[in-house]
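Going by the numbering used here, the first residue of the sequence shown is number 498, and it counts up by one from there.
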Amino acid sequence: MTDYPYLVTISSEKGGVGKTTLATNLAIFLKALNENLPVSILSFDNHFTVDRMFEIKGQPLKGDVADFLRGAPGGELLHTGQYGVSYIPSSKALSDLKHSVQGPLMLARFLASAQIPGVLIIDTRPDLDILTQNALFAADRVIIPVKDMASLENCRNIFELFEKKGFDKKSLSLIPCLIDSRIKFDGPFQDQRSLLKAYAINRGYRCLDTYISKSPKVESLATNPSGRVYPILTHARNTEVYGQFTQVARTVLLLRIFRRGSQRLPGKPLLLRGAPRLDLQPRQGTSPRRPETPHVQRCHQGVFVRFQAATERQRDNG
Ligand SMILES: Nc1ncnc2c1ncn2[C@@H]1O[C@H](COP(=O)(O)OP(=O)(O)OP(=O)(O)O)[C@@H](O)[C@H]1O
Ligand SMILES: [Mg+2]
498 MTDYPYLVTI SSEKGGVGKT TLATNLAIFL KALNENLPVS ILSFDNHFTV DRMFEIKGQP
558 LKGDVADFLR GAPGGELLHT GQYGVSYIPS SKALSDLKHS VQGPLMLARF LASAQIPGVL
618 IIDTRPDLDI LTQNALFAAD RVIIPVKDMA SLENCRNIFE LFEKKGFDKK SLSLIPCLID
678 SRIKFDGPFQ DQRSLLKAYA INRGYRCLDT YISKSPKVES LATNPSGRVY PILTHARNTE
738 VYGQFTQVAR TVLLLRIFRR GSQRLPGKPL LLRGAPRLDL QPRQGTSPRR PETPHVQRCH
798 QGVFVRFQAA TERQRDNG
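Here's what the structure looks like:
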């Protein structure tokens, strides 16, 4: 079997919606939920947050994401990182390199022979340049953070890209991010989250069942006097966001499990055939959710038990 990683791309044309926070912390929560699962991350952005979060000081670097895009084997560029997450170091050379990228399916071809196991997460820039397009078209799951109407409007361009290429839009999932629970509205949609979801569903977009709250604690993890970027898993345990990230990571693990039941054509995004309905569907009427099969229930339990064990171990270690 080809060792194509389960690729999760985090993308939005809008800046500051929480892409990098989602990408980096999702990697850490996935690892905490399943310590045997190889999890890696790379970024097409040039702010080096991934490196600041995952690098192990003093480790010699053996290449970066620019080398990967020039054709170097991805598996050989993986560096052991903090929290058990591997990463491919970021590069400042990507804007120069863009011109030599051979079409929007180049990354999918490289990944097919990259020997990157488990899950790979790609953090993208706030635009739909050729690198983002590559990350979108190679992905098994695209997660699009939306925080306001502007970011919701921007989603249209990603959906249109998929439509133009004839790719399955079911792999695109929105997630409301930076939701401020203090904002309340009159009328049927009483808060930011339900309003954004309603607008999304009205446009035919799927949303993940969960969302990410705005939290001052989480904001302080990226900008603080130490210059380090701290993870939510270890430094924001008593926040709502901790539970929300657990839920996002669980969903991704389940989606990955169900990918095995589907087929991938080389260089084509994956169609999740027969996958359970984990997303909130744009649908009419009030048809009940499909009940979980015993297999799905077992998966939930397995993931939960592993997560408990991992968090307890972390707590014990201080
Ligand atoms: N849940 C949250 N609560 C509070 N602040 C957050 C949260 N998530 C992210 N932030 C903060 O919001 C800002 C933008 O987040 P982030 O860098 O993840 O967004 P982005 O979409 O990757 O931005 P860009 O498009 O510039 O790459 C950062 O200062 C980050 O610390
Ligand atoms: Mg970012």
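Every residue gets a Cβ at the ideal spot worked out from N, C-alpha and C, and that includes glycine.
Cβ neighbours of residue 636 in the same chain (closer than 7 angstroms, five flanking residues each side left out): 504, 505, 506, 668 and 766
First through last residue of the beta strand (DSSP E) which encompasses residue 506: 503-507
Near ligand 1: residue 623 beta-carbon under 6 angstroms from a heavy atom: yes
Exposure label - residue 630; buried when at least 16 CB within 10 Å: buried
8 angstroms contact criterion, which residue 525 and residue 580 should meet: CB distance rounded: 5 angstroms
4-residue-minimum alpha helix (DSSP H) runs that sit fully inside the stretch 659-710, ordered along the chain: 689-699
Three-way DSSP call (helix, strand, coil) for residue 512 in this model: coil
Span of the beta strand (DSSP E), counted from its first residue to its last, around residue 642: 638-643
Beta carbon of residue 523 nearer than 7 angstroms to that of residue 566: no
Distance cut-off 6 angstroms: residue 512 Cβ against heavy atoms of ligand 1: yes
The stretch 609-616 contacting the stretch 640-648, beta-carbon criterion three pairs below 8 angstroms: no
Inter-residue spacing [alpha-carbon to alpha-carbon] between residue 648 and residue 670: 13 angstroms
CB contact flag (residue 677, residue 711, <7 angstroms): yes
Contact test: residue 548 Cβ vs ligand 2 heavy atom, cutoff 6 angstroms: no
Proximal residues to residue 598 (C-beta, below 8 angstroms), its chain only, five neighbours per side dropped: 566, 627, 628 and 631
Nearest-angstrom Cα separation, counted from residue 708 out to residue 672: 6 angstroms
Counted within 10 angstroms of its Cβ, other Cβ atoms place residue 513 as buried (16 or more) or exposed: exposed
DSSP beta-bridge partners of residue 620: 507 and 540
Stretch pair the stretch 726-739 + the stretch 535-554: three plus CB contacts closer than 8 angstroms: yes
Close-in-space but distant-in-sequence residues of the same chain around residue 517 (CB under 6 angstroms, 5 per side omitted): 546 and 620
Residue 517 CB to nearest heavy atom of ligand 2 below 6 angstroms: yes
Sub-7 angstroms separation of residue 562 and residue 588 beta-carbons: yes
Selection from 739, 577, 736 and 731 that minimises the alpha carbon distance to residue 535: 577
Proximal residues to residue 540 (C-beta, below 6 angstroms), its chain only, five neighbours per side dropped: 547, 587 and 620
Nearest candidate by alpha-carbon position, reference residue 705, set 713, 717, 736 and 743: 743
Exposure label - residue 531; buried when at least 16 CB within 10 Å: buried
For residue 818: DSSP bridge partner residues: Since the displayed the chain opens at 498 and closes at 815, residue 818 lies outside it and no answer follows.
Residue 556 in three-state terms, based on DSSP: coil
Cβ pair residue 675, residue 515 closer than 7 angstroms: yes
Any non-hydrogen atom of ligand 2 within 6 angstroms of residue 677 CB: no
Buried/exposed call for residue 679, threshold 16 Cβ in 10 Å: exposed
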